[in-house]
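Scroll down for the structure; my scribbles are underneath it.
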Amino acid sequence: MARRIDYSARYQHSPEQVYEALTDRGYWDARVEEMRKHSENRVEHFEVSDSGIELVLHHVLPRTDLPDIAQTVMRNDLIITRTESYSPFGDTVTGTYEASIPAGPGSLTGTMELFGTETGCTLRTSSEAKVHIPFVGGKLEELMLTNLVDLFRTEAQVTATWLAAR
2 MARRIDYSAR YQHSPEQVYE ALTDRGYWDA RVEEMRKHSE NRVEHFEVSD SGIELVLHHV
62 LPRTDLPDIA QTVMRNDLII TRTESYSPFG DTVTGTYEAS IPAGPGSLTG TMELFGTETG
122 CTLRTSSEAK VHIPFVGGKL EELMLTNLVD LFRTEAQVTA TWLAAR
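So in our numbering the end of the sequence shown lands on 167, straight run, no missing numbers.
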């Protein structure tokens, strides 16, 4: 059974400003640099076109840093490939993401929406975690989503800081 969670990052900047950040390689480099404080991370692919934004991020989490329940399933470091895509700028920008783990026991997918508000804008991410392991699958799904919210919070802080510096 899959578990779902929504996370909304609220910014005091306009949707145009946030979207402009998403189209800037320097923004992604700053985001990855912040995440390197926790583990190895890199931007593998970044492309902006008339069709929108496409990127691939790699995150490496050492097995020893994983919770005990995850270590029972994962025998090596956790290598996560995160693919994101965003539509061209409009009233509402939509996007999708997928996080994959080679030989991983499940999936993590989601959608994003960037839209204006009275005080700026919101980037809402809806995520779904599925783990196909009897007895511990639900606990691992909850763990994935909890850690994902922490990741999204950190990314939102980096985004706000990056925008404030512009």
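Each residue gets a CB set at the ideal place from its N, CA and C atoms; glycine is no exception. Quick caveat: nothing in here was measured; it's all calculated off a predicted structure.
As DSSP reads the structure, Val94 sits in a beta bridge with Leu115.
The beta carbons of Ser86 and Glu129 sit no closer together than 8 Å.
Counting along the chain, the unbroken beta strand (DSSP E) around Arg4 starts and ends at Arg4 to Tyr12. The three-state secondary structure of Phe153, taken from DSSP, is helix. Judged by DSSP in its simplified three-state form, Lys140 adopts helix. DSSP places Leu146 within a helical segment (H, G or I) once states are collapsed to three. An exposed status is given to Thr162, since fewer than 16 other beta-carbon atoms sit within 10 Å of its beta-carbon. The DSSP-derived three-state label of Arg64 is helix. Thr162 sits in a helix when the DSSP states are folded into three classes. For Leu164, the CB contacts under 8 Å within the same chain, skipping 5 residues up- and downstream, are Tyr12, His14, Gln18, Val19 and Ala22 in chain order.
Looking at the backbone, the Cα of Asp51 and that of Glu41 are separated by about 31 Å.
For the 8 Å CB-CB criterion, Pro68 and Leu146 do not form a contact. A buried status is given to Arg32, since no fewer than 16 other beta-carbon atoms sit within 10 Å of its beta-carbon.
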